[in-house]
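Q: Counting from 1, one number per residue, gives the positions in the sequence shown under UniProt numbering.
Beta carbons: idealized from backbone N, C-alpha and C, even for Gly.
Quick caveat, the model's predicted, so the values are computed rather than measured.
Structure provided below as structure tokens; questions to follow.
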Amino acid sequence: MSDSLITLNPHSQARLNHARSFCMYIQNMSTGKRLRELRERNKLNQETVGEYCGVSKGMVSQWENDIVLPPIERMMELRKKIYFKLDWLYCEDGEFRPDIEALLKVAQPLPVYAVTKLTKEGLSYAELIKSAHEDNNGTQ
């Protein structure tokens with residue numbers, strides 16, 4: 001008798017392992033590292049984030065290097081420009097991390113190499129890919 005209640009095929013198991021790795025990576029990040037991840041994921045430089053928040057590029061650097069904790073008021077300004085949850089930024093157990101089941105469901109039609117990249121980018125990109133996939137197949 002197996003310890004597992006669900007038996008996954010190798011392809012699904014690989015997707016699950018990639019999703020777990022991504023979640024572990026996000027959990028071990030500090031507030032500054034999460035801010036940097038958010039900035040890089042949105043293809044922004046520190047100067048632009050500073051403009052969005054009303055601070056200098058140097059201050060953004062201090063936030064990202066965990067020298068100074070970013071004030072919530074400034075992060076609320078940033079949220080007007082890019083989407084993220086404050087609890088994800090400030091707390092390790094925030095909801096921004098992708099839900100493994102949802103990620104697997106969205107990634108189902110994708111090959112393993114695409115899922116590897118997908119899990120690194122997060123669920124928001126997964127939803128975009130799913131939408132594009134549905135549009136290409138004529139489904140709603």
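CA-CA distance, Pro98 and Met76?
A: Confidence is the limiting factor: at Pro98 the pLDDT is only 48, short of 50, which leaves the residue's position unreliable and the question unanswerable from this model.
Q: Assuming Arg34 contacts Leu89 (C-beta within less than 8 Å), just tell me the rounded distance between them.
A: With a Cβ gap of about 5 Å, Arg34 and Leu89 count as contacting.
Q: Could you give the C-beta distance for Phe84 and Leu38, rounded to a whole number, given that I count them as a contact under 8 Å?
A: Yes, they are in contact, since the Cβ atoms of Phe84 and Leu38 sit about 5 Å apart, within 8 Å.
Q: Take Leu78 as the anchor and find which of Val68, Cys53, Ala14 has the nearest alpha-carbon.
A: Among Val68, Cys53, Ala14, the Cα nearest to that of Leu78 belongs to Cys53.
Q: Determine the contact status of Gln46 and Glu73, defining contact as a CB-CB distance below 9 Å.
A: The answer is no: Cβ separation not under 9 Å.
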